[in-house]
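Heads up: the structure comes next, in structure tokens.
Residue numbers (UniProt numbering): 1 to 250.
Rendered as structure tokens:
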């Protein structure tokens, strides 16, 4: 998950912190935000994710967690001896992300998941491996509404008619399904701006920090936070996906 690190110089001291999460990608298995990409991976591997709403060509801003930690330490060291003045309210912002320097698209992550869980299937409660396939990607709200109408709303209408014919015998089932469908529709309405978000985040200040650290003799191999060094295929296939299987899957 991309992070925005801010250093606020004022009131005679520095205040430093990770203030903002910029993308919807949970980047570390021990992080309790095992949602979005991680929860999608869990649902997909267990055969529960049949479709996904979003732009397949969208850039996902992700970054390994250790790079965020490295960036925080280098930023603190770089700004430790900077003079502070009571009237100085300047803020140095270091965007730690990959959407500009080393972008990865949703289609790539989808491909990595298919390949990984085909070769390393999750074993279900019945002891049998769960087969995965390509997820249906709904690339627009119109396609989502069509999908919902065909697969859920029409069957629900049929159940409504049957329920009336059988004197409300299936009333409980109908109301439960109707509530769940309405809940999904409401969630999609709320999250629509993020599902089709096309923004990227400028990390020029972080790049300057990397260059300054290198010039000052910092061991950049030890405190590496350069997203250009990440091979996304290797990272997802050999680190991230095995990590969520080990720490997130239950």
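Even glycine gets a Cβ: it sits at the ideal position worked out from N, Cα and C.
Between the CA atoms of residue j and residue i - distance to the nearest angstrom
| i | j | result |
| --- | --- | --- |
| residue 29 | residue 247 | With a pLDDT of 39 at residue 29, under the threshold of 50, the modelled position of that residue is not reliable, and the figure given next carries that caveat. If I take the Cα positions, the gap works out to 6 Å. |
| residue 244 | residue 42 | 8 Å |
| residue 139 | residue 147 | 11 Å |
| residue 189 | residue 109 | 24 Å |
| residue 230 | residue 60 | 14 Å |
| residue 154 | residue 178 | 12 Å |
| residue 34 | residue 149 | For residue 34, the pLDDT reaches just 40, beneath the cut-off of 50, and the residue's location in the model is therefore unreliable, although a value from the coordinates is still provided. If you take the alpha carbons of residue 34 and residue 149, they lie about 30 Å apart. |
| residue 192 | residue 216 | 45 Å |
| residue 79 | residue 221 | 20 Å |
| residue 219 | residue 184 | 49 Å |
| residue 194 | residue 58 | 11 Å |
| residue 169 | residue 163 | 6 Å |
| residue 37 | residue 130 | 19 Å |
Nearest to residue i (by Cα), restricted to the options the options
| i | options | result |
| --- | --- | --- |
| residue 202 | 64, 154, 95 | 95 |
| residue 236 | 216, 113, 213 | 113 |
| residue 173 | 210, 156, 228, 188 | 156 |
| residue 187 | 53, 44, 47 | 53 |
| residue 44 | 81, 115, 200 | 115 |
| residue 101 | 205, 92, 219, 213 | 205 |
| residue 241 | 65, 208, 117 | 117 |
| residue 142 | 168, 55, 130 | 55 |
| residue 105 | 196, 211, 209, 222 | 196 |
| residue 63 | 170, 227, 180 | 227 |
| residue 180 | 152, 170, 207 | 152 |
| residue 73 | 209, 145, 249, 171 | 209 |
| residue 46 | 207, 135, 68 | 135 |
Enclosing alpha helix (DSSP H) for residue i [first to last residue]
| i | result |
| --- | --- |
| residue 135 | Where residue 135 is concerned, there is no enclosing alpha helix (DSSP H), given that its DSSP letter is neither H nor E. |
| residue 193 | 171–195 |
| residue 145 | 141–148 |
| residue 263 | Nothing about residue 263 can be read from this structure; the chain reaches only from 1 to 250. |
Burial state of residue i, where buried means 16 or more other Cβ atoms lie within 10 Å
| i | result |
| --- | --- |
| residue 225 | buried |
| residue 127 | exposed |
| residue 182 | exposed |
| residue 239 | exposed |
| residue 234 | exposed |
| residue 66 | exposed |
| residue 166 | exposed |
First and last residue of the uninterrupted beta strand (DSSP E) at residue i
| i | result |
| --- | --- |
| residue 91 | 91–96 |
| residue 51 | 51–53 |
Residue i at chain B interface by Cβ criterion, 7 Å
| i | result |
| --- | --- |
| residue 98 | Note that chain B does not occur in the displayed structure, where there is just one protein chain. |
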